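Enquirer: Sharing a structure with you now.
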Amino acid sequence: MFINDVLGLLDVEIDQCEFDCEMVKGPQVIWDMRKIKTRPRVAWIVSAPLTELHAQADEKRQLWQQISQYLDKTQPLSKGEPNEQH
């Protein structure tokens, strides 16, 4: 399942999540995929709704770029791995 794959990359279990179609105060938003984006954007990643993600390669590419950027920020470098943030 696509959602499980994305959450797995972010090291989040699906059973740790609640799903809603509106912004909810309090809980950390992991993935905001609402059609109409509103500020503030406090989610770890933001994408188009699932139907658009599956149909549009550019939307999917943007999602994977955000995941990669998030992982670069949150995962420490391994020994011997070059630091690309010069």
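Using the numbering used here, the first residue of the sequence shown is number 1328, and each one after it goes up by one.
C-beta atoms are modelled at their ideal positions from N, C-alpha and C, and glycine is treated no differently.
All of these numbers come straight from a predicted model, not from anything done at the bench.
Going straight from the alpha carbon of L1380 to that of Q1355, what length do you get?
Expert: Distance between the alpha carbons of L1380 and Q1355: 22 Å.
Enquirer: Does S1374 pass the burial test, meaning 16 or more other C-beta atoms within 10 Å, or should it be called exposed?
Expert: Flag for S1374 reads buried.
Enquirer: Please state the DSSP three-state secondary structure of V1333.
Expert: Looking at V1333 - three-state DSSP - the assignment turns out to be helix.
Enquirer: For V1339, I'd like the list of residues in its chain whose CB is within less than 8 Å of its CB, leaving aside the five on either flank, ordered along the chain.
Expert: If we look at V1339 and ignore the five residues flanking it on each side, its Cβ neighbours are I1357.
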